[in-house]
Each structure stands twice: as C-alpha cells, then as structure tokens.
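In the numbering used here, the protein residues as written are 1 to 148.
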C-alpha cells in the first residue's frame, strides 16, 4: 500500500496489474481512501466492467462522476444546445468537468476496453493538469508516463 501511495505521488497515471480476482479493485480503493486528502475535489470510481462498447467509455466515466448532461426544458434550452454542439459530446464534457479539478479518477477493470481506456487517460492527462488516474487492469495501458 505504501508503494502504491508513493507511485500516486510521483506519477499522474498509475496502473495496478494482476490477474482477475487478485484484489486490484480492493487495493486501489483502499489506497485512494487512505490518500483522499490529497485530492480536494474528490476520489471518483468509474467501474468499466459493465461497459461492452469501447466507444462508450467516456460516457460511462461521466455517469460515474455524476456529470452527465441534464436535458433542460423551457425557453431558450434549444438555443443553448444549438450554440454549443460540443456540450453533447461525452469526451468534451468529461474534459471540461475534470480540467479545473484536483481529483483522483479510478478506472477499474480496464482490460476489456484497454484501447479506449488508454486513449481516455492520455486525452485527460494532456488536458487536465491536476487530474491523477489510478487504473486497474490485467495489462498496462501503455500511456507515456504510466507507472505500473
């Protein structure tokens, strides 16, 4: 646990590797809870096991963060949506949500959507300077700067 906390202090992307059932999820959650004071904007868990379409990984993470779009009804709502078409793109919304925050994002069970999880981590880390990601997987994400 101490080594994991040390890795989280040195790298913005840490991946816990191991076979299924090895305890990666439990260890990641315990380490995150123990170091929660490091991230004033919170520690957030995005469970990727139920995701069956890699294209929906950003939306699944948005849902975990509670940042999915709320559809507005009433005067001006259509004009607001028309003025900002990117507001409906999950990756854009996720980036906007995370960019100003100092937070830890746990991406759990990345292995079956490894390419999408890696692309998401790479994208967010490049655009969200105060974000740290802790991933669990059976294989590395392969993102530059990843501590395994």
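No residue lacks a Cβ here, since even glycine has one placed at the ideal position from N, Cα and C.
Keep in mind that this is a model prediction, so the values were computed, not measured.
Sub-9 Å separation of residue 41 and residue 101 beta-carbons: The residue given as residue 41 occupies position 41 in the chain shown. The residue given as residue 101 occupies position 101 in the chain shown. Cβ atoms of residue 41 and residue 101: closer than 9 Å.
Residue 33, enclosing alpha helix (DSSP H) - first and last residue: Stepping through the chain shown from its first residue, residue 33 is reached at position 33. For residue 33, the enclosing alpha helix (DSSP H) stretches over residues 24 to 34.
- prompt: Considering residue 17, what are the terminal residues of the beta strand (DSSP E) in which it resides?
  reply: Residue 17 sits at position 17 when you count from the first residue of the chain shown. Secondary structure note for residue 17: its beta strand (DSSP E) is the uninterrupted segment 13 to 17.
query: Secondary structure at residue 64, three-state DSSP: helix, strand or coil?
result: Start at 1 with the first residue of the chain shown, and residue 64 comes out as number 64. Helix.
query: What is the DSSP secondary structure of residue 47, reduced to helix, strand or coil?
result: Locating residue 47 in the chain shown gives position 47, where the first residue counts as 1. In the three-state DSSP reduction, residue 47 falls in the strand class (E or B).
message: Please return the same chain residues whose Cβ sits closer than 6 Å to the Cβ of residue 14, not counting the five positions on each side in sequence.
response: As a first step, residue 14 is located in the chain shown; it is residue number 14 there, counting from the start. Correct list, in chain order: 7, 8, 134, 147.
- request: Count the other CB atoms, across all protein chains shown, that sit within 10 Å of the CB of residue 37; report buried if there are 16 or more and exposed otherwise.
  value: Position 37 of the chain shown, counting from 1, holds the residue named residue 37. Classification for residue 37: exposed.
task: Would you grab the beta carbon distance between residue 54 and residue 113 for me? Rounded to a whole angstrom, and I think it's under 8 Å.
output: Against the chain shown, residue 54 aligns to sequence position 54. Against the chain shown, residue 113 aligns to sequence position 113. Confirmed, about 5 Å.
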